[in-house]
Amino acid sequence: MEVEKVLDAKMDHVKSEKVISAVKIGSDIRYYLSGFMRKQGYVEVPPVIISPLTDPLNHPVFDPVIDYYGEKYSLTKSMIFHKQIMVQSFGSIFTFSPNIRMEEAERSSTGRHLSEFTQLDVEKRGASRDEIMSMVEEMITGLFDYIKHEDTELLSRLGRDLHIPGKPFERIKYLDAERQYGKNFESILSKKKTEPFWIIDIPLHQREFYDRESDIDSEILVDMDLVYPEGFGEAISGGEREYKLEKIKERIHKKGQTEDQFRWFIEFAKRGLEPSAGFGIGIERLTRYVCGFKRIEDTHPFPKVPGEFSL
Ligand code: AMP
Ligand code: MG
27 MEVEKVLDAK
37 MDHVKSEKVI
47 SAVKIGSDIR
57 YYLSGFMRKQ
67 GYVEVPPVII
77 SPLTDPLNHP
87 VFDPVIDYYG
97 EKYSLTKSMI
107 FHKQIMVQSF
117 GSIFTFSPNI
127 RMEEAERSST
137 GRHLSEFTQL
147 DVEKRGASRD
157 EIMSMVEEMI
167 TGLFDYIKHE
177 DTELLSRLGR
187 DLHIPGKPFE
197 RIKYLDAERQ
207 YGKNFESILS
217 KKKTEPFWII
227 DIPLHQREFY
237 DRESDIDSEI
247 LVDMDLVYPE
257 GFGEAISGGE
267 REYKLEKIKE
277 RIHKKGQTED
287 QFRWFIEFAK
297 RGLEPSAGFG
307 IGIERLTRYV
317 CGFKRIEDTH
327 PFPKVPGEFS
337 L
């Protein structure tokens, strides 16, 4: 009986008008983003699904590891290292990367966490943070304009008035925001603002080891988050990357991690990495924002909601 109820709910979800609309809009979002990146001269590279090398993340998740012929493979949490290696040969890359992060059950209350999601993951050799931020602003405004025209009727049926933000987006330093609004600044500002905004210069201990330390203040990183307005929260994380071998090792140690965990990446760094910068934007979160949904699971026919049974 319990199983019957669960299956009925799953069927209702797959067939709901909300989900059907969001899948069409999500497909148009991918179509636009892919065209945008190509026009900017980026090459689409294939995703990596399992690897001994993946993002350590700055928060705890359950970690499914596959033992295969004596090597331990993780499901990709993000392609950060593969991106940094691939830009060495391709220059400018993008990929729609499936990420598995088995988030803890409490995260389902945010309305913006799934355990399986897709990132448009972008990296450019030799780019600065500023260059990447300007490109993102072009991408977001262009996308919203496209969707407003392409999906006018669907948006109106969903009751969504999608606002096209002005450029450049506001830039707020992490420590200034924290001083003014306290630890919870991101959610307070997200609710207060009516246009997306940047949080820049994130303190070292708040991020993984791979974002580059500032030349002026080694406690601050040359990185950024883009936050949606209207209370939708984080959209993007990105930044310039550490690329010098000694610096990479130093940052791994500062995080209390071991060189062994990242030995494959270190091997590439020994052979020389050039500087790069990039970002990742969650497609389901972007679709949720465009549709104006309270919960991210309405963007996906088979959402993996943290802590819940999912098909
Ligand atoms: P991160 O590197 O952790 O900042 O992730 C990059 C982007 O992926 C974020 O800015 C989000 O848009 C998206 N993202 C991260 N975690 C999740 C999740 N659990 N569910 C859905 N989207 C996510
Ligand atoms: Mg982030």
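Note that my numbering numbers the sequence shown so that position 108 is 134, with each residue one more than the last.
Ideal Cβ positions, reconstructed from N, Cα and C, are used throughout, including at glycine.
All figures in this text were calculated on a predicted structure; none of them were measured in a lab.
Exposed or buried, which one is residue i when buried takes at least 16 other CB atoms within 10 Å?
i: residue 263; result: buried
i: residue 57; result: exposed
i: residue 224; result: buried
i: residue 304; result: buried
i: residue 108; result: buried
i: residue 110; result: buried
i: residue 296; result: exposed
i: residue 48; result: buried
i: residue 40; result: exposed
i: residue 314; result: buried
i: residue 265; result: buried
i: residue 324; result: buried
i: residue 151; result: buried
i: residue 153; result: buried
i: residue 170; result: buried
i: residue 141; result: buried
i: residue 131; result: exposed
i: residue 51; result: buried
i: residue 65; result: exposed
i: residue 247; result: buried
Starting from residue i, follow the alpha helix (DSSP H) in both directions and report where the run begins and ends.
i: residue 216; result: 211-218
i: residue 53; result: 43-65
Between which two residues does the beta strand (DSSP E) holding residue i run?
i: residue 254; result: 249-254
i: residue 166; result: Note, residue 166: premise wrong, no beta strand (DSSP E); alpha helix (DSSP H) at 155-176.
i: residue 206; result: Element bounds for residue 206: not the beta strand (DSSP E) but the alpha helix (DSSP H), 200-207.
i: residue 151; result: 142-151
i: residue 333; result: Unbroken run through residue 333: none, as it is neither H nor E.
i: residue 225; result: 223-226
i: residue 261; result: 259-266
Which value, in whole angstroms, describes the spacing of the CA atoms of residue i and residue j?
i: residue 95; j: residue 258; result: 43 Å
i: residue 138; j: residue 69; result: 29 Å
i: residue 90; j: residue 335; result: 16 Å
i: residue 220; j: residue 99; result: 42 Å
i: residue 298; j: residue 279; result: 20 Å
i: residue 198; j: residue 208; result: 14 Å
i: residue 230; j: residue 37; result: 45 Å
i: residue 252; j: residue 104; result: 17 Å
i: residue 88; j: residue 273; result: 29 Å
i: residue 245; j: residue 164; result: 30 Å
i: residue 214; j: residue 204; result: 10 Å
i: residue 133; j: residue 34; result: 25 Å
i: residue 291; j: residue 236; result: 11 Å
i: residue 23; j: residue 29; result: Residue 23 lies beyond the stretch modelled for the chain, which goes from 27 to 337, so this question has no answer here.
i: residue 62; j: residue 31; result: 43 Å
i: residue 284; j: residue 80; result: 14 Å
i: residue 42; j: residue 317; result: 14 Å
i: residue 72; j: residue 122; result: 8 Å
i: residue 120; j: residue 148; result: 4 Å
i: residue 173; j: residue 118; result: 25 Å
i: residue 353; j: residue 97; result: Since the first residue shown for the chain is 27 and the last is 337, residue 353 is missing from the structure and cannot be characterised.
i: residue 176; j: residue 54; result: 8 Å
i: residue 293; j: residue 277; result: 16 Å
i: residue 232; j: residue 60; result: 31 Å
i: residue 300; j: residue 162; result: 22 Å
Could you tell me whether any Cβ in chain B is nearer than 9 Å to the Cβ of residue i?
i: residue 166; result: Absent from the structure is chain B; it holds one protein chain and no more.
Would you mind giving the Cβ-Cβ distance between residue i and residue j, rounded to the nearest angstrom? I have them listed as a contact below 8 Å.
i: residue 243; j: residue 200; result: Their Cβ separation, rounded to whole angstroms, is 12 Å, which puts residue 243 and residue 200 out of contact at 8 Å.
i: residue 102; j: residue 125; result: 6 Å
i: residue 1; j: residue 254; result: In this structure the chain extends from 27 to 337, so residue 1 is not present and cannot be described.
i: residue 310; j: residue 116; result: Contact flag wrong, Cβ pair sits at about 26 Å.
i: residue 92; j: residue 106; result: So it is not a contact: roughly 20 Å between Cβ atoms.
i: residue 188; j: residue 181; result: 6 Å
i: residue 289; j: residue 267; result: About 18 Å separates the two Cβ atoms, so there is no contact after all.
i: residue 129; j: residue 332; result: 4 Å
Give, in chain order, every unbroken run of the beta strand (DSSP E) that is at least 3 residues long and sits entirely within the region 88-125.
-> 91-94 and 97-101
Identify every run of the beta strand (DSSP E) within the region 281-325, keeping only runs that are complete inside it and at least 3 residues long; order them along the chain.
-> 302-308
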